[in-house]
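Colleague: Got a structure here, written out as structure tokens. Questions coming.
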Amino acid sequence: ITLPGTTGRMITVVIMIFGVTLFFNLARALLAPHKVRFPCPSCGLQRHDADAVHCKACGSILNIPDDGT
């Protein structure tokens with residue numbers, strides 16, 4: 001379905017590009033790793049957020065090594 005005229009076609013193209021962009025952002029968010037594997041010294045929970053300071057399960061302090069950037 002497109003609106004008549006050049007303006008309608010341009011609006012349709014913009015909406016399609018917006019939709020494809022949303023789809024790619026959703027796919028990237030689903031496929032990107034959000035957690036790092038680092039065992040908690042107290043409870044042993046393996047998966048934590050990359051910027052975590054405390055364990056979500058027990059609250060103990062984590063010292064997750066990073067790449068320094």
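Each residue of the sequence shown is one higher than the last, beginning at 1 in my numbering.
Just so you know, even glycine gets a beta-carbon here, dropped at the ideal spot from N, CA and C.
1. Taking C-beta to C-beta, are P41 and S60 nearer than 8 Å?
2. Can you tell me which residues form a DSSP beta bridge with D49?
3. Taking just the CA atoms, how far does D49 sit from H34?
4. Can you give me the C-alpha to C-alpha distance between R28 and I15, rounded to a whole angstrom?
5. Measuring straight from C-alpha to C-alpha, what distance separates G44 and D51?
6. Could you compute how far the alpha carbon of F23 sits from the alpha carbon of K56?
Modeller: Taking the structure as given:
1. yes
2. K35
3. 6 Å
4. 20 Å
5. 18 Å
6. 31 Å
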